[in-house]
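Remarks on the structure that follows.
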Amino acid sequence: MRYFEQHIRRVTPYTPGEQPKETDIIKLNTNENPYPPAPGVRKALQEMDYDLLRRYPDPAGEPLRSAIARELHLKKEEVFVGVGSDDVLAMLFLTFFNGDRPILFPDITYSFYDVWAEMLRIPYETKPLDQNFTIRKEDYFGENGGIVIANPNAPTGTALDLSALREIIERNRESIVIVDEAYIDFGGESVVPWIREYDNLLVTQTFSKSRSLAGMRIGEALGCETLIRYLNDVKYSFNSYTMNTTAILAGAAALSDRAYFEETRQKIIETRIWTAEKLRELGFAFSDSVTNFLFVTHPVVDCEALYVALREQKIYVRHFSKPARIAPYLRITIGTKEEMEALLGAIREYMKKEGAL
Ligand code: PMP
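Start counting the sequence shown at 792; every next residue gets the next number (this note's numbering).
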């Protein structure tokens, strides 16, 4: 093998959910929002000064950064913006996980965490969730190099009790604790106000889910000024102009329409509650979700076979074969009521055919 071949940074990449090219499908596999972005986003894009594209964007993401700060009642120095929360989380791993002690996260969680750890050569250990897919807080009380907790968790859809989360942060004042709040707007309780109490806490959020802007790639980290300064130092040393002008303006416009945000997120919560009830009537079992998806299994139906059958009907949901513990589950994004009716119809048909109904 040649020298360069021996020294390539080889990685096993993250596997994103499928993005099929056909348009006549029901897409419930990547937790996108079924509703369009706020009308103000279209207006902001249409009215954008074309000449702005000639220039580099603001490296700090203004005016988006200040708009997020206003929305969350923070100072702009406590806000960091990036190209989706994936970009922001990768920057956090690069900046803060630079020691010898292993970082900790659950065995069942967002499957990008171990990919970043592998790619950046960060030692890590996964801690198994209990049989109800809940974090055992004691697992996080020992020595570690940092902690990453998605709250609510994905793909399980459930939230950790806030007193347990607080205890984990308090017992780890020597380490950075990242709380990934990608799904917080669908029923969870945010710990953003805690960044004023804990100078070892960083919270990430995204515009991809509750703000319907997955295609724009906008995410943010919130933390004390000192941590955000360290984060900016690394980001500016890597690529100063990550967010483009269009995304910065679109993100700021999305925040200014609070009524639309409330209306669409309430519709998704209502549809989730309705879909959960219907799936339970069909015998599916699952914990209550506080996200825009349900993580379901069935005592009789083979969920992987169901996933394949739904796909043939052009209904895409997500199935994870790893870890083995979640192979009997499907993760179903909450779409419009009509989309969920079509899904339930297809599931009923399948169950009848299989003699499970
Ligand atoms: N965190 C979690 C838990 C997620 O499920 C996702 C969505 N794939 C992300 C972060 C990243 O989302 P985005 O990069 O679109 O902000």
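By construction, the Cβ of each residue, glycine as well, lies at the ideal position given by its N, Cα and C atoms.
Which residues DSSP lists as bridging residue i, in chain order
i       : result
Glu916  : Leu895
Lys818  : Tyr1107
Leu993  : Ile969, Gly1014
Phe1052 : Looking at the DSSP assignment, Phe1052 forms no beta bridge with any residue, so it has no partner.
Gly873  : Gly1010
Ile940  : Val970
Leu844  : Answer by DSSP bridge pairing: none, since Leu844 is not bridged.
Val1081 : For Val1081, which the question treats as bridged, DSSP gives no partner whatsoever.
Val1087 : Leu1121
Ala1076 : Thr1088
Proximity test, residue i beta-carbon vs the ligand PMP heavy atom, cut-off 7 Å
i       : result
Ala950  : no
Asp930  : no
Thr997  : yes
Asp877  : yes
Tyr1107 : no
Ala1067 : no
Ala945  : yes
Tyr1120 : no
Asn822  : yes
Pro1010 : For the record, residue 1010 in the displayed sequence is Gly; it is not Pro. Yes, Cβ of Gly1010 sits closer than 7 Å to a heavy atom of the ligand PMP.
Ala1005 : yes
Ala941  : yes
Ala1041 : no
Ala955  : no
Asp971  : yes
Tyr901  : yes
Separation of residue j from residue i, as counted between CA atoms
i       : j       : result
Glu838  : Arg846  : 17 Å
Asn1035 : Val982  : 28 Å
Ala835  : Thr1037 : 9 Å
Tyr915  : Gly933  : 13 Å
Lys866  : Leu953  : 24 Å
Glu1054 : Arg1063 : 14 Å
Asn963  : Ala1147 : 48 Å
Asp842  : Gly1074 : 57 Å
Gln797  : Gly1126 : 46 Å
Met882  : Asn1030 : 11 Å
Thr917  : Ile938  : 10 Å
Phe884  : Asp877  : 11 Å
Thr1033 : Asp1093 : 43 Å
Asp891  : Ala1137 : 50 Å
Arg1020 : Ala908  : 22 Å
Leu1004 : Phe998  : 5 Å
Tyr1098 : Leu1121 : 7 Å
Lys1058 : Pro897  : 31 Å
Gly1014 : Asn824  : 27 Å
Val832  : Arg1002 : 10 Å
Phe888  : Arg912  : 10 Å
Arg800  : Tyr794  : 12 Å
Thr886  : Asn1023 : 9 Å
Lys1128 : Thr803  : 37 Å
Thr1088 : Val906  : 26 Å
Ser1078 : Met792  : 51 Å
Close-in-space but distant-in-sequence residues of the same chain around residue i (CB under 8 Å, 5 per side omitted)
i       : result
Ile1060 : Phe977, Gly978
Thr806  : Ser902
Asn942  : Ala950, Leu951, Leu956, Val970, Asp971, Glu972, Ile975, Gly979, Val982
Glu1016 : Lys866, Glu868, Glu869
Tyr772  : Nothing about residue 772 can be reported from this structure: the residues present for the chain run from 792 to 1148 only.
Ile986  : Leu865, Glu869, Leu992, Leu993, Val994, Leu1013, Gly1014, Cys1015
Beta carbon of residue i nearer than 8 Å to that of residue j
i       : j       : result
Tyr974  : Ala829  : no
Asn822  : Lys1000 : yes
Ala1076 : Pro1090 : yes
Val968  : Asn991  : yes
Asp815  : Lys1105 : yes
Glu1011 : Phe871  : yes
Ile1039 : Phe1084 : no
Ala860  : Thr900  : no
Leu844  : Ala1043 : no
Leu819  : Glu1095 : no
Ala1100 : Tyr1141 : yes
Check: residue i C-beta below 7 Å from any heavy atom of the ligand COA
i      : result
Asn923 : You won't find the ligand COA in this model; what it holds is the ligand PMP.
Same chain, Cβ closer than 7 Å to residue i, neighbours up to 5 away in sequence not counted
i       : result
Glu862  : Leu1046
Ser857  : Lys867
Leu1135 : Lys1069
Val879  : Phe871, Gly873, Thr995, Gly1010, Glu1011, Ala1012
Other residues of its chain near residue i: CB distance less than 6 Å, five sequence neighbours each side excluded
i       : result
Ser1112 : Ala1118
His1110 : Glu1095, Tyr1098, Leu1121
Thr1082 : Pro943, Gly948, Tyr974, Phe977
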